[in-house]
Amino acid sequence: MKKAIIIGATSGIGEELAKIFSQDSYIVGVVGRRSHLLKEFKREYPESFIKSIDVSKTAEAINQLKELISEMDGVDIVVISSGVGFINHDLKWSLEKETIGVNVSGFAAMQHFLSKGSGHLVGISSIASIRGDGDAPAYNASKAFVSNYLEGLRKKVSTLGVPVCITGIQPGYVGTAMAKGEGLFWVASPKKAAQQIYTAIKRKRKHAYITKRWRAIGWLLKSMPEFVYNRL
Ligand SMILES: NC(=O)c1ccc[n+]([C@@H]2O[C@H](COP(=O)([O-])OP(=O)(O)OC[C@H]3O[C@@H](n4cnc5c(N)ncnc54)[C@H](OP(=O)(O)O)[C@@H]3O)[C@@H](O)[C@H]2O)c1
Numbered sequence: 164m165k166k167a168i169i170i171g172a173t174s175g176i177g178e179e180l181a182k183i184f185s186q187d188s189y190i191v192g193v194v195g196r197r198s199h200l201l202k203e204f205k206r207e208y209p210e211s212f213i214k215s216i217d218v219s220k221t222a223e224a225i226n227q228l229k230e231l232i233s234e235m236d237g238v239d240i241v242v243i244s245s246g247v248g249f250i251n252h253d254l255k256w257s258l259e260k261e262t263i264g265v266n267v268s269g270f271a272a273m274q275h276f277l278s279k280g281s282g283h284l285v286g287i288s289s290i291a292s293i294r295g296d297g298d299a300p301a302y303n304a305s306k307a308f309v310s311n312y313l314e315g316l317r318k319k320v321s322t323l324g325v326p327v328c329i330t331g332i333q334p335g336y337v338g339t340a341m342a343k344g345e346g347l348f349w350v351a352s353p354k355k356a357a358q359q360i361y362t363a364i365k366r367k368r369k370h371a372y373i374t375k376r377w378r379a380i381g382w383l384l385k386s387m388p389e390f391v392y393n394r395l
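Residue numbers for the sequence shown follow this note's numbering, so the first one is 164 and each next one is one higher.
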């Protein structure tokens, strides 16, 4: 049986993805900090493995991920969906620091399974990775890190010729606890987002916008001059 680990699967996109993998006969390893939600998942899907991991505590998290992989006797796909984001008008350092700790350090620490030289790594970045944002600068910058890091890993495995697949996912708005602020549009349900992500994973895509129509916004953001962007 194929095996997948979803990091950040106690809620939102990760939880929906974990359900889809489970329903498609994968053995699933479910990761997050909230133990009661992990136990709930295990009750619903008794075949699953659960592990409470705080990805921002990187040294501990790497060991715990290795433990989980060994308990599952290997893994084929690792999806890193863990993330935090805050509207931070006052640029409070505690919030910027938490964002960097989870989305940057925590993200980079979790790709360690690649050392086995095969498999499929999926990172959930964001459309926010394309431009900086005045209300959540650490969040957008952290997602730029994720997208760029994944591209770097793709280059590395291509140069080494190892059979590792790297997929970068760029969602627009998805209706989860993470989607904050006003003026949200084209908000996808977590289920729809997870279904499209699952299809992209099965097709071994290098990159996918979620939902698909966010490709147009991606193109707009990339081509917009800064003086126009600053007025949005
Ligand atoms: N919703 C959107 O509009 C949107 C748009 C673009 C990209 N994204 C990205 O999609 C991903 C999933 O977010 P979501 O929308 O599904 O929000 P969510 O429901 O808040 O899910 C976030 C997940 O990350 C986990 N997490 C947070 N901090 C963690 C830590 N220190 N260690 C381990 N796990 C941690 C949470 O689990 P615990 O709290 O149990 O640890 C939870 O399972 C994130 O990377 C987010 O940046 C979301």
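All residues carry an ideal CB built from backbone N, CA and C; glycine is no exception.
Shown here, P326 sits in coil according to DSSP, grouped into three states, outside any helix or strand. In this structure, E203 is the residue among E203, Q358 and S219 with its C-alpha nearest to the C-alpha of I213. It is roughly 11 Å from the alpha-carbon of L180 to the alpha-carbon of I243.
The count of Cβ pairs closer than 8 Å, one atom from the region 239–258 and one from the region 340–350, reaches three, so the stretches are in contact.
The three-state reading of DSSP puts A167 in strand, counting E and B together. Y392 and I293 have their C-alpha atoms roughly 12 Å apart.
Two segments are said to touch when three or more pairs of C-beta atoms, one from each, lie closer than 8 Å; by this definition the region 381–389 does not touch the region 253–269.
Take the alpha-carbon of K354 and the one of T221: they are about 29 Å apart. Here E178 is buried. Its C-beta has 16 or more other C-beta atoms within 10 Å.
For M341, the CB falls within less than 7 Å of some heavy atom of ligand 1. At the C-beta level, S215 and S198 come within 8 Å of one another. Between I332 and A363, the C-beta gap is smaller than 8 Å, which places the two residues in contact. P334 has its Cβ nearer than 7 Å to a heavy atom of ligand 1. The Cβ atoms of A224 and G269 sit closer than 8 Å to each other.
Going by DSSP, L284 is part of the beta strand (DSSP E) stretching over G282 to I287. Beta-bridge partners assigned by DSSP to I332: I287 and A371. G286 and S310 have their alpha carbons spaced roughly 8 Å apart.
Boundaries of the beta strand (DSSP E) harbouring F212: F212 to S215, taken from the DSSP string. Close CB contacts of D296 within its chain, under the 6 Å cut and outside five residues either way in sequence, are with N303 (chain order).
Beta-bridge pairing by DSSP links I380 to no other residue. Listed in chain order, the non-local C-beta contacts of S289 below 7 Å within the same chain comprise K306, Q333 and P334, local neighbours out to five positions each way being set aside.
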